[in-house]
Every structure is written in C-alpha cells, then in structure tokens.
Amino acid sequence: MNAKITATAHYVPERIMTNLELEKLVDTSDEWIRSRTGISQRHIVAENEASSDLSTRVAEQLLAKRGISAEDIDLIIIATVTPDHFTPSTAALVQLNIGAKNAWGFDLSGACSGFLYGLETGSKFISSGHYQKVMVIGVDTMSSILDFTDRNTCVLFGDGAGGVILEPTDSDNGIIDSILKMDGSGGQYLHVPGGGSRMPATIESVEAKQHYIMQDGKKVFKFAVKGMADVSERILKRNNLTGDDIALFIPHQANKRIIDASAERCKISPEKVLINIDRFGNTTAGTIPIGMNEAVENGQIKDGDTILLASFGAGFTWGSILIKWESN
Ligand code: ACO
0 MNAKITATAH
10 YVPERIMTNL
20 ELEKLVDTSD
30 EWIRSRTGIS
40 QRHIVAENEA
50 SSDLSTRVAE
60 QLLAKRGISA
70 EDIDLIIIAT
80 VTPDHFTPST
90 AALVQLNIGA
100 KNAWGFDLSG
110 ACSGFLYGLE
120 TGSKFISSGH
130 YQKVMVIGVD
140 TMSSILDFTD
150 RNTCVLFGDG
160 AGGVILEPTD
170 SDNGIIDSIL
180 KMDGSGGQYL
190 HVPGGGSRMP
200 ATIESVEAKQ
210 HYIMQDGKKV
220 FKFAVKGMAD
230 VSERILKRNN
240 LTGDDIALFI
250 PHQANKRIID
260 ASAERCKISP
270 EKVLINIDRF
280 GNTTAGTIPI
290 GMNEAVENGQ
300 IKDGDTILLA
310 SFGAGFTWGS
320 ILIKWESN
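Each step along the sequence shown adds one to the number in numbering that gives the first Met the number 0, with nothing skipped, and position 327 is 326.
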C-alpha cells in the first residue's frame with residue numbers, strides 16, 4: 000500500500016536577514032553570496048522562538064488544510080538537527096501544542112536529508128497498514144548553531160519548517176520509489192563537534208565555539224553534486240523515466256550551483272526545477288517541504304504529475320524520492 004501526500008504547509012519566521020546585514024557582521028559581500036550560492040536573504044527566528052514553535056505553526060496549518068482534528072493524527076515524525084532540547088523530543092512538544100492525544104512520535108536526525116528520511120519512514124508506517132495519518136515535518140533553526148563571525152557558514156543558512164500529512168492510497172500513486180544513502184566517512188567535513196556526549200558542553204568548549212556548525216565547504220560541495228545527481232539519475236532509470244517525464248524537481252536548497260549541476264545531469268530543464276534558495280537560504284530539513292508547499296500553493300504541482308525530490312547533507316546523507324502526485 001502506497002502513501003500519498005494529502006496536505007502540505009510551511010512556516011518561516013517573520014524576521015528577514017539580508018546579505019547586506021551579513022556584510023556588517025563578517026567580511027563578505029552581497030555580490031559574493033549571491034554569485035557563489037544564489038542566496039539573497041534568509042529568515043531568522045525571534046528571541047525565544049525554537050524549532051517546535053515553527054513546527055507547531057506547520058502542524059496547525061496541515062490540520063486546517065486537510066480539515067481534520069489533531070486527534071486524527073497517529074504519528075508525528077520531526078526531522079531536525081536543531082531540536083529545542085535533547086529531551087523531550089520536538090515531536091512531543093508539537094504533540095502537546097496541537098493536542099494530538101492519539102499520536103506518538105519521535106525526532107529523526109538526517110540533516111539536510113532529514114525530510115526525505117522522514118518521508119520514507121512515514122510512508123513505511125502507512126504501508127504497514129497500521130497507520131492512517133502520519134505527520135512528517137522538516138524543521139531547522141540553523142541560527143541556533145551558527146557562528147555569526149564565521150563567514151564560511153553563517154551566510155549559507157536560514158530558519159524554517161515545512162511538512163506534510165501522509166495517508167494510504169489504494170492506487171499505484173503517491174510515494175512510488177526511494178533511494179536513501181549514508182556515508183559516515185563524510186561526517187568530519189560538516190559537523191557540530193561539541194555539546195553532545197562526545198564533548199559535553201563546558202565553559203571551555205563553548206568559548207572555543209565547539210557547539211557551532213563547521214564545514215569544509217569545498218569537500219561538501221563536491222560530494223553533494225555527485226551524490227544528488229547519482230541517486231536522481233538512478234531512480235529515474237529504474238523507473239524507466241527521463242528528465243522530460245518529471246513535472247517538477249524539488250532539490251535540497253544548499254547552493255544554486257549544486258542544484259543546477261544535479262538538474263543538468265538528469266537532463267531536467269531549468270523551468271522544471273524549484274528554486275527558492277534566494278529567499279530562504281539553506282533551512283536544512285526545511286528546504287524540500289517548504290519548496291513542495293510553495294509549489295502546491297502556486298499550482299506548480301497537479302494530480303498525476305511525477306515529482307522528483309533529492310537531497311544531500313551532513314553525515315553524509317543523501318537520497319531521492321519519486322512521487323506520482325495524488326492529493327485526494
Ligand atoms: N564571503 C566572501 N568570501 C568568502 C566567503 C564569504 N562568505 N566564504 C569564503 N570566502 C572566500 C574564501 O576564503 C576564498 O578566498 P581565497 O580564494 O582568498 O582563499 C574564496 O572566497 C573562495 O572560497 P571557496 O571555498 O573556493 O568558494 P566556493 O566557490 O567553493 O564556495 C561555498 C564556497 C559556498 C561554501 C561552497 O563550497 C558550498 O556551497 N559548499 C557546500 C556547503 C554547504 O552547502 N553546506 C551546507 C550543508 S550541506 C548541504 O546542505 C549540501
């Protein structure tokens with residue numbers, strides 16, 4: 000039994016941080032950020048706003064759009080690397096906030112591939128036949144782990160959340176295939192060294208900025224282009240599809256140049272590639288569901304369309320998912 004997406008929603012914090020603001024914080028320029036990444040601005044949370052707040056806004060919209068009550072939700076999966084706390088889970092906070100009395104749930108850590116990992120996990124719960132309504136949300140408050148004095152990272156990310164409701168379908172539509180990958184040898188190139196059990200937070204670790212995200216951008220870039228393009232090509236091939244059959248390609252939004260290279264390898268023409276990195280930056284687990292909801296709201300996705308999702312992120316993690324869209 001396939002799972003289909005019956006509602007989509009997204010939420011980004013109100014505050015916009017432009018490249019010009021970043022020019023005042025680090026040695027960078029609007030021109031450099033735009034030309035090397037495609038980013039013009041990103042949204043940043045208000046003080047005291049965290050991942051569960053963004054997720055709760057998404058969850059409320061999902062319920063309203065689908066016209067169901069929180070009590071109808073069986074399972075809440077939240078993909079995030081920036082949970083409010085180690086424990087309780089962000090899923091538990093959202094469950095409380097929306098009053099999903101009949102749901103259980105958990106957080107899932109897949110970095111920029113978190114939403115695809117969550118979608119695969121949620122769809123398998125649906126396929127089991129035991130679950131009727133699963134909420135999958137990708138959220139990250141990257142500003143909470145960004146060093147705003149490090150130009151290698153702080154210009155790239157933003158805060159945001161998006162999500163879907165998954166339900167069973169009797170047809171062959173919905174989520175029809177997935178390829179998900181992981182290679183832990185890439186962990187060293189994009190990581191948050193401190194704050195976990197390996198290096199619990201101490202005054203020294205915080206002073207040494209060990210709880211911020213660090214990366215070797217060039218290494219990540221190279222792996223990202225290859226990883227995203229490889230799995231996207233493979234999933235098309237094994238489903239006897241070409242780039243021409245894809246109505247919309249929704250890639251993770253890390254860098255416009257990574258997106259362009261992946262689309263080119265899969266021979267997907269530029270007008271079929273969703274790009275919103277200019278407005279949101281890289282919201283990690285948030286990018287794909289934010290893009291998906293924008294596309295649904297803009298009428299870029301219609302029933303019967305074949306949609307390709309692809310991601311690459313810390314871990315390394317990467318993957319692609321193919322959907323034959325059926326919304327009701
Ligand atoms: N502003 C101005 N100059 C900068 C900045 C900045 N923010 N950052 C780096 N530079 C400088 C570098 O110091 C370097 O200067 P040098 O030539 O004097 O040494 C020069 O710009 C070129 O730096 P490169 O690293 O070669 O720039 P590149 O074109 O590779 O772009 C970038 C860097 C944008 C980080 C790119 O490598 C990238 O996007 N990598 C992927 C990283 C990523 O997206 N990580 C996020 C999570 S993983 C994921 O989502 C895929």
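Quick reminder that beta carbons are idealized off the backbone N, C-alpha and C, glycines included.
These figures come from a predicted structure and were not determined experimentally.
Item                                                                                                            : Value
Distance between beta carbons of I322 and G173, contact taken as under 8 Å                                      : 7 Å
Contact test: R35 Cβ vs the ligand ACO heavy atom, cutoff 6 Å                                                   : yes
Residues near K266 by beta carbon distance below 7 Å, same chain, minus five either side                        : T241, G242
Per-residue burial, M0 [other beta carbons within 10 Å of its own, 16 or more giving buried]                    : exposed
Assigned exposure category for G298 - 16 Cβ within 10 Å defines buried                                          : exposed
CB of L107 within 7 Å of CB of G318, strictly                                                                   : no
Unbroken stretches of the alpha helix (DSSP H), 4 residues or longer, contained in the region 226–291           : 255–264, 276–279
Member of D302, A309, S310 whose CA lies at the smallest distance from the CA of E325                           : D302
Proximity winner among A260, K236, K23, relative to V342 (alpha-carbon distances)                               : Because the chain spans 0 through 327 in this model, residue 342 falls outside it and cannot be assessed.
Among S51, G66, K217, I72, the one whose alpha carbon lies nearest that of P87                                  : S51
Proximal residues to F147 (C-beta, below 6 Å), its chain only, five neighbours per side dropped                 : L24, C153
Closer than 6 Å: K132 CB and nearest the ligand ACO heavy atom                                                  : no
Nearest-angstrom Cα separation, counted from Y130 out to R65                                                    : 17 Å
Which of helix, strand or coil DSSP assigns to Y130                                                             : coil
Reference S177; option with closest CA among N47, R233, S34                                                     : R233
Close-in-space but distant-in-sequence residues of the same chain around A49 (CB under 7 Å, 5 per side omitted) : D83, T140
W317 beta carbon near the ligand ACO (any heavy atom closer than 6 Å)                                           : no
Buried versus exposed, by CB contacts within 10 Å (16 or more), L19                                             : exposed
Residue range of the unbroken alpha helix (DSSP H) whose run includes Q94                                       : 89–97
Span of the alpha helix (DSSP H), counted from its first residue to its last, around T55                        : 50–65
Integer Cβ distance of G98 from A69, believed to fall under 8 Å                                                 : 5 Å
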